[in-house]
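Written below as structure tokens is the structure these notes are about.
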Amino acid sequence: LLQQKLQSLFKNLRGYGKLSEENISGAIREIRLALLAADVHYQVVRDICEEVKQKALGTKVLESIRPGDQFIKIFHDALIEYLASEKQGLSTERPLRILLCGLNGSGKTTTAAKLALWCKKNKERVGLVAADLTRPAAREQLTKLASQIDVPVYAPEKEEKIEAFLSRALEQTKQDRLSVVIYDTAGRLDLDEELLKELQLAYSVVLPQEVLLVIDSATGQKGVDIVKAFLEKIPVSGLILSKFDGDARGGAAFSVKKVTGLSVLFLGTGEKVEAFEPFRAERLVDRLFGFGDIVSFVEKVEAQIKEESLAEIEKKIRSKQFGLDDFLVQMRMLKKLGPLDQLLSYLPGFPGKGQIEIDDKKLKRIEAIVLSMTPEERKNPDIINGKRKLRIAKGSGTTVPEINEFLRRFDSVRKLIKKFSASKEGFKFPFFKN
Ligand code: GDP
Ligand code: MG
4 LLQQKLQSLF KNLRGYGKLS EENISGAIRE IRLALLAADV HYQVVRDICE EVKQKALGTK
64 VLESIRPGDQ FIKIFHDALI EYLASEKQGL STERPLRILL CGLNGSGKTT TAAKLALWCK
124 KNKERVGLVA ADLTRPAARE QLTKLASQID VPVYAPEKEE KIEAFLSRAL EQTKQDRLSV
184 VIYDTAGRLD LDEELLKELQ LAYSVVLPQE VLLVIDSATG QKGVDIVKAF LEKIPVSGLI
244 LSKFDGDARG GAAFSVKKVT GLSVLFLGTG EKVEAFEPFR AERLVDRLFG FGDIVSFVEK
304 VEAQIKEESL AEIEKKIRSK QFGLDDFLVQ MRMLKKLGPL DQLLSYLPGF PGKGQIEIDD
364 KKLKRIEAIV LSMTPEERKN PDIINGKRKL RIAKGSGTTV PEINEFLRRF DSVRKLIKKF
424 SASKEGFKFP FFKN
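Count along the sequence shown from 1, then add 3; that gives the number in full-length UniProt numbering.
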């Protein structure tokens, strides 16, 4: 599975100390194999790999992030950019006519009901048209689904020809003042002229604003040929990837986008009518590759840490001048990064979660304590005796036990820092260079 392969690849990548040309090439090679194995179009694989390589080589590695994590972020962003579309959602015209097409078994009928339910939830007056006249079972299937979601269904009468039926349905849905009408059409086992002719006919009668092509996620690269063939006959406006919950998920979305320029608008994620969601590149990529956590961590660090101040603090720590002022700055910085437990779990060698808790109230009190100290005391907390503690407590509106507790904590942090900066593997706290 693509996901498993990449997961193990990422594990290896995360160990990198530096982004060098050599380990970038190695990582790119792995990514290429993984994407190809997922049946992503070779042109797409080539494009993505090239872009990731260029970006990775040109990236200044942030001091506080493991290079492997940063590489993953670059890869992630390239994938998202690749999938992102200009077309957002469905046409806003009303009444909106949507024609669904696709091969037999791709999931059209199921998708028609899913899309209807989704529109209904979005406060539309929606109806379904059973325009698959080739199989009587198809009409029954749609009728059953429609009653399940409580949506009206329009079906042909016995012996009624497709053209006559569609004209009638068009008129009827207008009279019923529906805002969205979804036309489920017939498919074939394979692309053939008859299927495409029938679709063209349906298109010319209904004149839909949206023509959505349903593709089975497992189709892989063959999906590209299918889309191309449909596009030659009918102006497909968007894609729906069905059965995204299956095994062979992945390649199709990238390949189709590259070759046809068409975007995926929705994903079908199960057999139930509720198993349907608007397509989001972010969500797809995260689900495929499972690196959402790393990416959001890198984003946070990138957004909120200034490298200069980090370098300075690091120098201080190395020269053992790390005082309470610095500690306060550190705590503010850490707090900005969000829940600390989560953050700490990213840091290799950090002795478990929950070692430092910072909540707003506590931070405010600690700030008050530090600010009530003299510069001398902040630089060298060892000189703070009982008398000084009383003064600080008064000045900060806190208590002596609180100050004792805080100083104890600071001392243990200082010891921790000393211990880790002395160790070989190094202690990669946000303020440390690797
Ligand atoms: P059609 O011939 O294109 O109309 O396809 P159908 O709607 O009849 O679907 C064919 C089969 O695929 C049915 O058994 C559906 O239950 C199943 N199916 C459709 N969409 C999904 C999906 O998103 N996930 C899963 N697991 N099955 C689906
Ligand atoms: Mg069908």
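Virtual Cβ for every residue (Gly too), placed ideally from N, Cα, C.
ask   = Quick one: what's got a C-beta closer than 7 Å to phenylalanine 282's C-beta in the same chain, skipping five residues either side?
value = Val267, Leu268, Phe269 and Leu270
message = Between Pro139, Val183 and Ser150, which has its C-alpha nearest lysine 126's C-alpha?
response = Val183
query = Pairing CB atoms from the region 133-148 with CB atoms from the region 174-189, are three or more of them under 8 Å?
reply = yes
ask   = Can at least three beta-carbon pairs, one atom from the region 199-209 and one from the region 147-155, be found at a separation below 8 Å?
value = no
message = Quick check for students: name the residue ranges of the alpha helix (DSSP H) that lie wholly in the UniProt domain "AAA+ ATPase" (97-244), counting only runs of 4 or more.
response = 111-124, 139-152, 165-178, 196-209 and 225-236
ask   = Ordered along the chain, which non-local residues of its own chain (more than five positions away) have a Cβ less than 6 Å from that of alanine 149?
value = Leu131 and Val156
request  = List the whole-angstrom C-beta distance separating glycine 326 from asparagine 407, where the pair is believed to meet the contact cut-off of C-beta under 8 Å.
outcome  = Their Cβ separation, rounded to whole angstroms, is 18 Å, which puts glycine 326 and asparagine 407 out of contact at 8 Å.
inquiry  = Taking the alpha-carbon of serine 220 as reference, which of Ala134, Gly110, Leu86 and Pro70 has the nearest alpha-carbon?
reply    = Gly110
query = So does lysine 190 have its beta carbon nearer than 7 Å to some heavy atom of the ligand MG?
reply = Just to set this straight, residue 190 is glycine in the shown sequence, not lysine. Yes, Cβ of glycine 190 sits closer than 7 Å to a heavy atom of the ligand MG.
key: Neighbourhood of lysine 58 by C-beta, 6 Å cutoff - its chain only, sequence neighbours within 5 removed   = Ile77
ask   = Below 8 Å between beta carbons: does that hold for glutamine 224 and histidine 79?
value = no
Beta-ladder partner(s) of phenylalanine 330, from DSSP = Answer is none; phenylalanine 330 lacks a bridge partner.
message = Measuring CB atoms only, is the region 229-238 touching the region 194-206, in the sense that at least three cross pairs come out at less than 8 Å?
response = yes
inquiry  = Does valine 43 come out as helix, strand or coil in the three-state DSSP assignment?
reply    = coil
task = Below 7 Å CB to CB, which residues in the same chain sit around lysine 63 once its five sequence neighbours on both sides are set aside?
result = none
inquiry  = Using 8 Å as the threshold, is the C-beta distance between aspartate 328 and arginine 381 below it?
reply    = yes
query = Would DSSP call glutamate 280 helix, strand or coil?
reply = strand
key: Sub-8 Å separation of alanine 232 and leucine 265 beta-carbons   = no
inquiry  = Would you say the beta carbon of threonine 95 is closer than 7 Å to some non-hydrogen atom of the ligand MG?
reply    = no
task = Could you tell me if asparagine 26 is buried or exposed, where buried requires 16 or more neighbouring beta carbons within 10 angstroms of its beta carbon?
result = buried
task = Please name the residue in Ile372, Leu216 and Phe413 whose C-alpha comes closest to that of leucine 106.
result = Leu216
query = How would the residue list near the ligand MG read, in chain order, if you kept each one whose beta-carbon is closer than 5 Å to any heavy atom?
reply = Lys111, Thr112 and Ala141
request  = Just the C-alpha distance for arginine 97 and aspartate 228, rounded to the nearest angstrom, thanks.
outcome  = 32 Å
query = Taking the alpha carbon of glycine 173 as the point to measure from, which residue in Ser28, Asp42, Arg100 and Gln73 has its own alpha carbon closest?
reply = Just to set this straight, residue 173 is leucine in the shown sequence, not glycine. Ranking Ser28, Asp42, Arg100 and Gln73 by Cα distance to leucine 173 puts Arg100 first.
task = Give a yes or no on whether the C-beta atoms belonging to threonine 263 and valine 230 are separated by under 8 Å.
result = yes
key: Cα-Cα separation between leucine 199 and aspartate 72, rounded to whole angstroms   = 48 Å
message = Helix, strand or coil for phenylalanine 78? Go by DSSP, reduced to three states.
response = helix
ask   = Which class does phenylalanine 247 belong to by DSSP, given the choice of helix, strand or coil?
value = coil
query = So is the beta-carbon of lysine 246 under 7 Å away from any non-hydrogen atom of the ligand GDP?
reply = yes
Proximity to isoleucine 395 [Cα-Cα], best of Asp414, Ser415, Arg417 and Arg368 = Arg368
query = Does any heavy atom of the ligand GDP sit closer than 7 Å to the C-beta of threonine 137?
reply = no
message = Output needed for isoleucine 165: all residues of its chain with C-beta closer than 8 Å, excluding positions within five of it in sequence on either side, in chain order.
response = Ala134, Leu136, Pro159, Glu201, Leu204 and Ala205
query = Taking only beta-carbon atoms, is valine 208 less than 8 Å away from chain B?
reply = In the structure shown, chain B does not exist; there is a single protein chain.
inquiry  = Could you tell me the alpha carbon to alpha carbon distance between serine 415 and glutamate 24, rounded to whole angstroms?
reply    = 40 Å
ask   = Smallest Cα separation from glycine 249: which of Gly273, Gly226 and Gln91?
value = Gly273
query = Which value, in whole angstroms, describes the spacing of the CA atoms of threonine 95 and phenylalanine 279?
reply = 20 Å
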